[in-house]
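FYI, the numbering for the sequence shown is 8 to 139, going by my numbering. For each residue, glycine too, the CB sits at the ideal point set by N, CA and C. Structure first, then comments.
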Amino acid sequence: MLSVKTREHQYVLINQTGEWLLEDQPTEKISQEAADLFVSRVANLPAEERVMKQSAPLAPYGLLAPAVEFVATGKDGQTIGKLTLGNKAGNLLYATGQRLQGVFQVRPDLLTQIPSKAELLAKSQGTPETRR
């Protein structure tokens, strides 16, 4: 399960028997390709540079009121990962996470690649030729 919270929207993606669905609209079909690609990008986001080794005040990095927060939860309901993206600094974003010690900088591309619920639903409504 991946919880996505941005300043514009919030939703939860659930992987049920290998298929992604929206928690609040489980009967609606969403684009599996778009969901897989998005979740993969979040899970594999590389850190570019460590800014602070230990915990520090998060406000200067925009991490108290983050641009985006992702929370991965296992089937047992336990949080298995958390990634918070804050302010942009030059060509990078500040980031911290549950298993990351300190504050890092990451590429900002992910901010423009977060689909809204409507986009996930719309992408699944393609013509028969585009569906797989």
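Nearest-angstrom beta carbon gap, residue j and residue i [assumed within contact, 8 Å]
{"i": "Val58", "j": "Gln108", "result": "Rounded, the Cβ-Cβ distance is 12 Å, inconsistent with contact."}
{"i": "Ile37", "j": "Leu117", "result": "In fact, because the Cβ distance is near 19 Å, the residues do not count as touching under 8 Å."}
Three-state class that DSSP yields for residue i in the structure shown
{"i": "Glu30", "result": "coil"}
{"i": "Arg48", "result": "helix"}
{"i": "Leu70", "result": "coil"}
{"i": "Arg139", "result": "Bear in mind that the predicted position of Arg139 carries a pLDDT of just 38, short of 50, making it too unreliable to give a figure here."}
{"i": "Glu15", "result": "coil"}
{"i": "Thr103", "result": "strand"}
{"i": "Gln108", "result": "coil"}
{"i": "Leu117", "result": "helix"}
Residue span of the alpha helix (DSSP H) that contains residue i, given as start and end
{"i": "Leu128", "result": "Lys124 to Lys130"}
Contacts around residue i, its chain only, beta-carbon distance under 8 Å, and the 5 residues preceding and following it disregarded
{"i": "Lys60", "result": "Gln108 and Gly109"}
Chain-order list of residues whose beta-carbon lies under 7 Å from that of residue i (same chain, five-residue window excluded)
{"i": "Arg139", "result": "Residue placement at Arg139 is poorly supported in this model, since its pLDDT is 38, which falls under 50; the coordinates are not used for a value here."}
{"i": "Asn35", "result": "The question names Asn, but residue 35 in the sequence shown is Glu. Excluding positions up to five away in sequence, the list reads Leu29 and Leu128."}
Residue range of the beta strand (DSSP E) that includes residue i
{"i": "Asn94", "result": "Thr86 to Ala96"}
{"i": "Thr80", "result": "Val75 to Thr80"}
{"i": "Glu55", "result": "Ala54 to Met59"}
6 Å Cβ shell around residue i - same chain, five flanking residues per side excluded
{"i": "Gly93", "result": "Tyr68, Gly69, Leu70, Pro73 and Tyr101"}
{"i": "Leu90", "result": "Phe77 and Gly104"}
{"i": "Ser10", "result": "Val19 and Val78"}
{"i": "Leu65", "result": "Leu71"}
Status (buried if at least 16 other CB within 10 Å, exposed otherwise) for residue i
{"i": "Ala42", "result": "buried"}
{"i": "Pro122", "result": "buried"}
{"i": "Leu52", "result": "buried"}
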